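K.L.:
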Amino acid sequence: MSAVNSPRVTSDERRARFAAVVQRYGVLIALALLVLFGALRYEGFLSPYNVFTVLGYNSMFGLVALGMAFVIMTGGIDLSVGSVAAFASVVGALLSPYGLWPALLGAVAAAALLGLVNGLVIAYLKILPFITTLAMLLAARGLALMLAKDQSVSVDYDHGFTTLGQGNVGGVPFTAILLGVAFAVGMVVLRYTRFGRHVLAIGGNEEASRLMGLPVERTLVTTYVLSGALAGLAGVILASQFGAGQPTEGLGWELTAIAAVVVGGTLLTGGSGSVGSTLVGVLLLGIIFNILNFENGRGTISLSAYWQSVIRGAFLLVVVVLQNQLGRARSATRRD
Amino acid sequence: MTRPEGTPTPATGAPAVTPARRAARRSPFGTLLGPLVALALLLVFNAVFTPNFLTVQTLNVNLTQVATIVIVAVGMTLVIATGGIDLSVGALMAISGAIAPMLFLHPPLGSPALGVTLAFILPVLAAGAFGLFNGTLVTRFGIQPFIATLILFIAGRGIAQVFTNGQLQTFNNAAFQYVGLGRPLGIPFQVILMVLVVALFAWIMARTVFGRQVLAVGGNEAAARLAGIPTSRVKLAVYGISGLLAGLAGLIVISINSSSDANQVGLNMELDAIAAVAVGGTALTGGRATVVGTLVGALIIQLIRYSLLARGVPDSAALVVKAVIILVAVYIQRARR
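Protein sequences, first through last, are from chains A and B.
The first sequence lines up with residues -18 to 317 when you count with the working numbering.
The second sequence lines up with residues 67 to 403 when you count with the working numbering.
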């Protein structure tokens, strides 16, 4: 809840809080039911192989969604994450002959730089976040294609670059560990740091935050840098997992990330939200696709890859409509 | 926003009159002056530095390329005038482009004439219906326009790909392709369509009740509602119109290409259209719109792209340039307010 709301608790607000709780646990219950369904219906659904494949693959969406969660909590949006990730995958692939760390740090720094541009334009030139990041969506794609000379860039296999995406510790893929660590840090940052409080306060009421002397511009810039850097990390994982930097990848990632954030109960208007529920949202979407894959394998349905984006869109549709119905009271109290 | 109880509402009425009056006094030519100067400079620059620029062929190439952007951007202008945005236009073009060949390649009742006729009508109506879907999400469910249209931005192209199974549909159908390749009196047919669309909507925005309502909704929706304007219906209509125009543009694109590729038709069109609207001088915050400005804006963007290509700048770099243009145009918009 935003720090700037009046202390009076009206019945509307109580209803709103109830709605938030319903949503938060509703998603968790939905996830649990899906896992149960999968475990009962498919052999090997809970096998370490399947679990880690799902986690490994969805770590990219998870990282992007984590950055998106912070951006959305400030009341903004970052539509550029997909092409920033593609850009980072190309940078990572180009730097891969120098080893994992230089490639990783270089690519993440390059992506963070694009996030910095987003943040500076949004915070200081006051251009709407979705316009700014839509322009960056275009620009990052252009930069990726320029660097990659319009084709995918294969990575160097000899200097350890692919360990990030393909390696594991005792069967647990690095990417899954990275995902867990990132979300743990994200939770702590949101809940226990000044930056986290500032993010929520700005999303709740930017003008009031400014009047209270909070560093609004700096916080906004930091959030977009964070989102860019996490998208960059996802891009490096992409290149490392598939062995190539792919300038045309990342289409529709922003949709997946936004859906995951929203299904977790974070309001698109900003000012409230949860990092943990965002992870649940990512896993929910990941498991839906995993189940569809199993069904495809069984031959009960036959869905081409093209259905993926339709399903993602439908998922976001259901989520925003449901959130709207649940949270009507919430938005009513917020809009005064 | 929570206002402490007991504090009187500040009288917002008095100071608000001045900017409104200033806006009213500003002639339509006034808002168009900047874009027109930019367009003139680009024309002079190219006339001097680009070889073979002042030829009928160059003119035709540029006009045929800009026609689809203008047609889509006119719909976008209306949506933006209500304070909304439509990110789904490119995907709707792909849907319309995917449906049309199915109709004339496999004509219903075995009648080619019927197939072509339906190929002109049904895809456009389908795109319009998807536009109404966007509008419903915005009006009935209160979802922010960019999120509401983001759904079809991604899923719409997926729907087009599912229709065609991702396959390229190639064809050669003179009757249908007249919309993209016809040249009555030597003028490309889509350019005529473009001029008609611009003229129609410039008239609607300037002279009809609906045009006034669109601006009123974008200027202050609550006030418009209190004034008895059916705000939901107006918003629903602009998203529907945007869908219809995107559908029309989709038909033109596939006619020019003699093929329909669901992965490519209308790709990045939403950005071109938004850029044209912003460069043309329509405020992205709504309440003010100039359809003729959008035409000028689209011409500016087209000329910049042409100048870059004529100098051998690769497409990928042109994307970056376009992104910068969008931001600069929007920033100038903001500064003027």
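Even for Gly, the Cβ is constructed at its ideal location relative to N, Cα and C.
These numbers come from a predicted model, not from an experiment.
1. Report the neighbours of ALA120(A) on chain B: residues whose CB is nearer than 7 Å to its CB, in chain order.
2. Quick one: what does DSSP say PRO78(A) is sitting in, helix, strand or coil?
3. If distances are taken between C-alpha atoms only, which option among ILE272(A), GLN304(A) and THR250(A) comes closest to GLU24(A)?
4. Determine the DSSP secondary structure at SER285(A), reduced to helix, strand or coil.
5. Could you confirm whether any beta carbon from chain B is found closer than 8 Å to the beta carbon of ASN305(A)?
6. Hey, how far is the Cα of ALA193(B) from the Cα of LEU317(B)?
7. So, for ASN8(B): in the same chain, excluding its five sequence neighbours on each side, which residues have a beta-carbon less than 7 Å away from its beta-carbon?
8. Can you have a look at ALA240(B) and say buried or exposed, based on whether 16 or more other CB atoms are within 10 angstroms of its CB?
9. Between GLY63(A) and TYR205(A), how many whole angstroms is the CB-CB distance? I'm expecting something under 8 Å.
10. Is LEU95(A) close to chain B, meaning its C-beta is less than 8 Å from at least one C-beta of that chain?
11. Give the straight-line distance between the Cα atoms of LYS388(B) and ILE367(B), rounded to the nearest whole angstrom.
12. What separation, rounded to the nearest whole angstrom, lies between the Cα atoms of GLY181(B) and ALA265(B)?
13. Taking LEU198(B) as the reference, which of ILE187(B), THR215(B) and LEU184(B) has the closest Cα?
14. Quick check: ILE165(B) and ILE225(B), are their CB atoms within less than 8 Å of each other?
15. Please say whether LEU385(B) and LEU109(A) have beta carbons closer to each other than 8 Å?
16. Which residues in the same chain have their Cβ closer than 6 Å to the Cβ of ALA315(B), if we skip the five residues on either side of it in sequence?
17. Report the rounded CA-to-CA distance for ILE146(B) versus ARG291(B), giving the unit in angstroms.
18. Run down chain A in chain order and give the residues with a C-beta less than 7 Å from the C-beta of ILE320(B).
19. For GLY232(B), which residues in chain A fall below 9 Å Cβ to Cβ?
20. Could you tell me which uninterrupted alpha helix (DSSP H) segments, each at least 4 residues in length, are contained entirely in the stretch 221 to 250 of chain A, listed from first to last along the chain?
21. For ASN329(B), which option in ILE217(B), ARG223(B), ASN200(B) and ILE209(B) has the closest C-alpha, if you only look at C-alpha atoms?
22. Considering only residues of the stretch 241 to 307 of chain B, which uninterrupted beta strand (DSSP E) runs meet the minimum length of 3 residues and lie entirely inside it, listed in chain order?
23. Roughly how many angstroms lie between the CA atoms of ALA286(A) and ARG293(A), to the nearest whole one?
24. Strictly below 7 Å CB to CB, what residues from chain A border GLN210(B)?
25. Please determine if the stretch 56 to 72 of chain A and the stretch 172 to 179 of chain B are in contact, where contact requires at least 3 C-beta pairs separated by less than 8 Å.
26. Considering only the beta carbon of each residue, do GLY254(A) and ALA50(A) sit closer than 8 Å?
27. Does GLN227(B) have its Cβ less than 8 Å from a Cβ in chain A?
28. Residues of the stretch 99 to 126 of chain A in Cβ contact with chain B at a cutoff of 9 Å, in chain order, please.
29. Is the CB of ILE213(B) under 8 Å away from at least one CB in chain A?
30. What first and last residue would you give for the alpha helix (DSSP H) that runs through GLU276(A)?
31. Just curious, the alpha helix (DSSP H) that THR215(B) is in, first and last residue?
32. Please report the distance separating the alpha-carbon of GLY278(A) from that of LEU15(A).
33. Step through the CB atoms of chain B and report whether any lies within less than 8 Å of the CB of GLY294(A).
34. Since HIS179(A) is in the alpha helix (DSSP H), which residue starts that stretch and which ends it?
35. From the DSSP output, in three-state form, read off THR134(B) for me.
P.N.:
So, from the listed chains and residues:
1. If you number the first sequence from 1, residue 120(A) lands on position 139. Simply LEU385, VAL386 and ALA389.
2. The sequence position of residue 78(A) within the first sequence is 97, counting from 1. Three-state DSSP puts PRO78(A) in a helix.
3. Within the first sequence, numbered from 1, the residue matching residue 24(A) stands at position 43. Nearest option by C-alpha distance: ILE272(A).
4. Your numbering for residue 285(A) matches position 304 in the first sequence. Judged by DSSP in its simplified three-state form, SER285(A) adopts coil rather than helix or strand.
5. Reading the first sequence from its first residue, position 324 is the one you call residue 305(A). Closer than 8 Å: yes.
6. Stepping through the second sequence from its first residue, residue 193(B) is reached at position 127. Stepping through the second sequence from its first residue, residue 317(B) is reached at position 251. Approximately 11 Å, taken between the alpha carbons.
7. Outside the shown range of chain B, which is 67 to 403, sits residue 8(B), and nothing can be said about it.
8. Within the second sequence, residue 240(B) is the residue found at index 174, counting from 1. Answer is exposed; the Cβ neighbour count stays below 16.
9. Stepping through the first sequence from its first residue, residue 63(A) is reached at position 82. Stepping through the first sequence from its first residue, residue 205(A) is reached at position 224. Going by Cβ atoms, the distance from GLY63(A) to TYR205(A) rounds to 15 Å, so no, they are not a contact pair.
10. Here residue 95(A) refers to the residue found at position 114 when the first sequence is read from its first residue. No, its Cβ sits nowhere closer than 8 Å to a Cβ of chain B.
11. Stepping through the second sequence from its first residue, residue 388(B) is reached at position 322. Stepping through the second sequence from its first residue, residue 367(B) is reached at position 301. Cα to Cα, the separation comes out at about 8 Å.
12. The residue given as residue 181(B) occupies position 115 in the second sequence. The residue given as residue 265(B) occupies position 199 in the second sequence. The C-alpha of ALA265(B) is placed about 30 Å away from the C-alpha of GLY181(B).
13. Within the second sequence, numbered from 1, the residue matching residue 198(B) stands at position 132. Of the candidates ILE187(B), THR215(B) and LEU184(B), the one whose C-alpha sits nearest the C-alpha of LEU198(B) is THR215(B).
14. The count along the second sequence starts at 1 and reaches residue 165(B) at position 99. The count along the second sequence starts at 1 and reaches residue 225(B) at position 159. Not in contact: ILE165(B) and ILE225(B) (Cβ atoms no closer than 8 Å).
15. Here residue 109(A) refers to the residue found at position 128 of the first sequence. Here residue 385(B) refers to the residue found at position 319 of the second sequence. LEU109(A) is not a Cβ neighbour of LEU385(B), given a cutoff of 8 Å.
16. As a first step, residue 315(B) must be located in the second sequence, where it is residue number 249. If we look at ALA315(B) and ignore the five residues flanking it on each side, its Cβ neighbours are THR134, ILE137, VAL138 and MET159.
17. Translated into the one-based positions of the second sequence, residue 146(B) becomes position 80. Translated into the one-based positions of the second sequence, residue 291(B) becomes position 225. Each residue's alpha carbon lies about 18 Å from the other.
18. As a first step, residue 320(B) is located in the second sequence; it is residue number 254 there, counting from the start. Residues of chain A passing the Cβ test: none, with the nearest at roughly 18 Å.
19. Position 166 of the second sequence holds residue 232(B). Within chain A, the residues placing a beta-carbon under 9 Å from that of GLY232(B) are SER285, ALA286 and TYR287, ordered along the chain.
20. Listed in chain order, they are 234 to 244.
21. Reading the second sequence from its first residue, position 263 is the one you call residue 329(B). Out of ILE217(B), ARG223(B), ASN200(B) and ILE209(B), ARG223(B) has the C-alpha closest to the C-alpha of ASN329(B).
22. Those beta strand (DSSP E) runs which fall completely within the stretch 241 to 307 of chain B and span 3+ residues do not exist here.
23. Reading the first sequence from its first residue, position 305 is the one you call residue 286(A). Reading the first sequence from its first residue, position 312 is the one you call residue 293(A). Straight-line spacing of the CA atoms in ALA286(A) and ARG293(A) works out to 12 Å.
24. On the second sequence, position 144 is the one that residue 210(B) refers to. Correct list: LEU249.
25. At 8 Å Cβ cutoff, the stretches do not touch.
26. As a first step, residue 254(A) is located in the first sequence; it is residue number 273 there, counting from the start. As a first step, residue 50(A) is located in the first sequence; it is residue number 69 there, counting from the start. Yes, these two residues count as a Cβ contact at 8 Å.
27. Reading the second sequence from its first residue, position 161 is the one you call residue 227(B). Yes - at least one Cβ of chain A is within 8 Å of the one on GLN227(B).
28. Result list: VAL102, LEU106, LYS107, ILE108, LEU109, PHE111, ILE112, THR113, LEU115, ALA116, MET117, LEU118, LEU119, ALA120, ALA121, ARG122, GLY123, LEU124, ALA125 and LEU126.
29. Translated into the one-based positions of the second sequence, residue 213(B) becomes position 147. Under the 8 Å criterion on CB atoms, ILE213(B) is classed as interfacial with respect to chain A.
30. In the first sequence, residue 276(A) corresponds to position 295, counting from 1. Segment 256 to 279, the alpha helix (DSSP H) holding GLU276(A).
31. Residue mapping note: residue 215(B) aligns to position 149 of the second sequence, counting from 1. Here the alpha helix (DSSP H) through THR215(B) covers 211 to 230.
32. If you number the first sequence from 1, residue 278(A) lands on position 297. If you number the first sequence from 1, residue 15(A) lands on position 34. Taking the CA atoms as reference points, GLY278(A) sits about 18 Å from LEU15(A).
33. Here residue 294(A) refers to the residue found at position 313 of the first sequence. Yes, because at least one Cβ of chain B sits closer than 8 Å to the Cβ of GLY294(A).
34. In the first sequence, the residue the question calls residue 179(A) occupies position 198. Annotation: the continuous alpha helix (DSSP H) that includes HIS179(A) extends over 175 to 185.
35. Residue mapping note: residue 134(B) aligns to position 68 of the second sequence, counting from 1. DSSP places THR134(B) in helix when its eight states are reduced to three.
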